[in-house]
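S.K.: Numbering (the working numbering), first residue to last: 157 to 306.
Think of the CB as a built atom: it goes at the ideal place given N, C-alpha and C, for glycine as much as any other residue.
I am attaching a structure below and will ask some questions about it afterwards.
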Amino acid sequence: MSNIRITKQFSFETGHALYGYDGKCKNVHGHSYKLSVTVIGKPITNRNDVKFGMVIDFSDLKKIVKEEIVDQFDHATVFNETTPHVELAQELKNRGHHVILVDYQPTSENMVVDFAERIIRRLPERITLFSLKLQETESSFAEWFASDNL
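Quick look at the structure:
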């Protein structure tokens with residue numbers, strides 16, 4: 157049986173700020189992110205399995221990505237916990253805002269690595285994460301490929 161790649165796309169709104177950056181992105185701002193998740197595997201060949209013919213049910217993939225990424229990052233503001241932004245983060249939390257503190261600069265590049273690690277932990281053994289594409293704007297995105305990270 158052939159390996160098949162399937163992709164599911166997700167959208168979420170997230171704010172962030174890049175501490176120490178020398179451009180406009182040092183200010184708190186947000187993006188309408190688009191995340192494309194591609195997994196690879198062999199379709200199920202057991203005719204008695206309700207998932208017969210599927211690599212993974214799109215709804216199962218959706219559940220994983222929704223729980224690990226979309227539900228956590230949608231309408232949140234992300235700050236690097238190792239910068240003075242931690243003080244702003246605490247103030248926002250005190251005012252009821254959803255804030256996520258990470259141990260990295262919250263660039264698309266670093267976020268896509270974080271997302272890959274979260275998804276990999278949840279995939280069934282017979283399925284492999286092939287790639288992620290995190291689109292920050294209409295013309296700017298970061299990609300993660302398993303083949304680049306062996």
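For T233, is the classification buried or exposed, using 16 other Cβ atoms within 10 angstroms of its Cβ as the cut-off for buried?
M.R.: Looking up residue 233 in the sequence shown gives position 77. Counting Cβ neighbours within 10 Å, T233 comes out buried, since at least 16 surround it.
S.K.: Taking 8 Å as the cut-off, does the segment 168–185 touch the segment 260–279 (at least 3 CB pairs, one atom from each stretch)?
M.R.: yes
S.K.: I'd like the span of the alpha helix (DSSP H) that includes H172, first residue to last.
M.R.: Position 16 of the sequence shown, counted from the start, is the residue given in the question as residue 172. Note, H172: premise wrong, no alpha helix (DSSP H); beta strand (DSSP E) at I160 to H172.
S.K.: So for N250, helix, strand or coil by DSSP?
M.R.: Residue numbering aside, residue 250 sits at position 94 when the sequence shown is read from its first letter. Of the three classes helix, strand and coil, the one that applies to N250 here is helix, per DSSP.
S.K.: Assuming E265 is part of the alpha helix (DSSP H), what are its boundary residues?
M.R.: Taking the first residue of the sequence shown as position 1, residue 265 is located at position 109. Where E265 is concerned, the enclosing alpha helix (DSSP H) stretches over S264 to R278.
S.K.: So, for E299: in the same chain, excluding its five sequence neighbours on each side, which residues have a beta-carbon less than 8 Å away from its beta-carbon?
M.R.: Within the sequence shown, numbered from 1, the residue matching residue 299 stands at position 143. So the qualifying residues of the chain are V268, S287, L288, K289 and L290.
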